[in-house]
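A.B. asks: What follows is a single structure, and I will ask about it in a moment.
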Amino acid sequence: MSRKFHSAAERVSTYESDFNDVCAVLAGPSPWSEYLRDNIPIALKAAPSHQFQFVDAKQFERVAHKDTLGITDKLTGQITLLDISSDKSSFAAMGAALHEMVHLVSDPAKQGRPITIAYVLGEGLLEGLTHVITEDILYAQGIAPWSDHKYGERVKIVRKLMQVLQPDGYRRFGKALFLGHPAELSLLPQILGSRGFDDIKTLATMHNSAQAIRSIDSLWSAYRSRKPGAAAGRP
Ligand SMILES: [Zn+2]
Numbered sequence: 026m027s028r029k030f031h032s033a034a035e036r037v038s039t040y041e042s043d044f045n046d047v048c049a050v051l052a053g054p055s056p057w058s059e060y061l062r063d064n065i066p067i068a069l070k071a072a073p074s075h076q077f078q079f080v081d082a083k084q085f086e087r088v089a090h091k092d093t094l095g096i097t098d099k100l101t102g103q104i105t106l107l108d109i110s111s112d113k114s115s116f117a118a119m120g121a122a123l124h125e126m127v128h129l130v131s132d133p134a135k136q137g138r139p140i141t142i143a144y145v146l147g148e149g150l151l152e153g154l155t156h157v158i159t160e161d162i163l164y165a166q167g168i169a170p171w172s173d174h175k176y177g178e179r180v181k182i183v184r185k186l187m188q189v190l191q192p193d194g195y196r197r198f199g200k201a202l203f204l205g206h207p208a209e210l211s212l213l214p215q216i217l218g219s220r221g222f223d224d225i226k227t228l229a230t231m232h233n234s235a236q237a238i239r240s241i242d243s244l245w246s247a248y249r250s251r252k253p254g255a256a257a258g259r260p
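So in the numbering used here, spot 39 of the sequence shown is number 64, and the numbers just go up one at a time.
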């Protein structure tokens, strides 16, 4: 029986059972499960260990961006989390571990190279998308979100882009991230313009949702007035 989590702030540590319990949540019901579930056994087979590794804040600073709580090495499949204990007892929030597991099962699930669509989305949108998926999994399973993460601005931007792609937002982002099909997202530069989309990527990396959403709204409405009958991007 896996552990039943009630809050994403619950602690996980170095035990293999913690890794497996978070993995069970990843594999559970969510609007993304049909796109990610086949990647889980592939990622587990390729992972060097079924345990989270921990480093303290000092070490973490040396290896990771300041706005993350973990690192998934897509070359090896090792997940390293920031130890948030004050006495080196190695623990992290379950939600932070789940976010890293979404990276682990992103294409290529067998690891060996960076995430396939990283270059299409840029760092900000890729992290935002990963966290949208994390939030949706938590919500679908009745696990309360936790506030101590740093992706809120990026999440808002990705949710706005999903609205632009509706009713296909889940399918397009799901296939792009988990199956490695960048063409699923080619509508975004079509609707927003290549330069417009590049600007959104930069604003996402800068955690600036207010400006990004204003810009998406104005580019999207210009597109709709040019193509009133367009199937995608209809409000
Ligand atoms: Zn991340």
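The beta carbon of each residue, even a glycine, is placed where N, CA and C say it ideally should be. Note that the coordinates shown come from a computational prediction; the quantities given were computed from them, not determined experimentally.
Do residue 124 and residue 178 have their C-beta atoms within less than 8 Å of each other?
C.D. replies: Here residue 124 is taken as the residue at index 99 of the sequence shown, counted from 1. Here residue 178 is taken as the residue at index 153 of the sequence shown, counted from 1. Result no, Cβ atoms of residue 124 and residue 178 do not sit closer than 8 Å.
A.B. asks: Identify whether residue 221 lies in helix, strand or coil by the three-state DSSP scheme.
C.D. replies: What you label residue 221 is simply residue 196 of the sequence shown in a count that begins at 1. Correct three-state label for residue 221: helix.
A.B. asks: Say whether the segment 69-86 touches the segment 219-230, bearing in mind that this needs 3 or more beta-carbon pairs closer than 8 Å, one atom from each stretch.
C.D. replies: Judged by Cβ distances under 8 Å, the segment 69-86 makes no contact with the segment 219-230, as fewer than three pairs qualify.
A.B. asks: Cα separation between residue 160 and residue 33?
C.D. replies: Counting from 1 along the sequence shown, the entry for residue 160 is found at position 135. Counting from 1 along the sequence shown, the entry for residue 33 is found at position 8. Those two C-alpha atoms are separated by around 9 Å.
A.B. asks: Tell me which residues pass a beta-carbon proximity test against ligand 1: closer than 6 Å to any heavy atom, given in chain order.
C.D. replies: So the residues near ligand 1 by this Cβ test are 93, 124, 128, 152, 155.
A.B. asks: Which residues share a DSSP beta bridge with residue 212?
C.D. replies: In the sequence shown, the residue the question calls residue 212 occupies position 187. None, per the DSSP bridge assignment.
A.B. asks: Using the Cβ count rule (16 or more neighbours within 10 Å means buried), how would you classify residue 112?
C.D. replies: Sequence index remark: in the sequence shown, residue 112 carries index 87 (1-based). By the 10 Å Cβ count, residue 112 comes out exposed.
A.B. asks: Can you give the beta carbon distance from residue 128 to residue 140, rounded, assuming they're within the 8 Å contact cut?
C.D. replies: Residue mapping note: residue 128 aligns to position 103 of the sequence shown, counting from 1. Residue mapping note: residue 140 aligns to position 115 of the sequence shown, counting from 1. That pair is a contact at about 7 Å.
A.B. asks: Do residue 180 and residue 119 have their C-beta atoms closer together than 8 Å?
C.D. replies: Numbered from its first residue, the sequence shown carries residue 180 at position 155. Numbered from its first residue, the sequence shown carries residue 119 at position 94. Cβ atoms of residue 180 and residue 119: not closer than 8 Å.
A.B. asks: Grouping DSSP H, G and I as helix and E and B as strand, with all else coil, what is residue 259?
C.D. replies: Position 234 of the sequence shown, counted from the start, is the residue given in the question as residue 259. Low confidence applies to residue 259: its pLDDT is 49, below 50, so where it sits in the model is not reliable enough to give any reading.
A.B. asks: Where does residue 259 land, buried or exposed, given buried means 16+ other C-beta within 10 angstroms?
C.D. replies: Along the sequence shown, read from residue 1 onward, the residue named residue 259 stands at position 234. Here residue 259 scores only 49 on pLDDT, less than 50, and its place in the model should not be relied on; the value that follows carries that caveat. When all chains shown are included, residue 259 counts as exposed.
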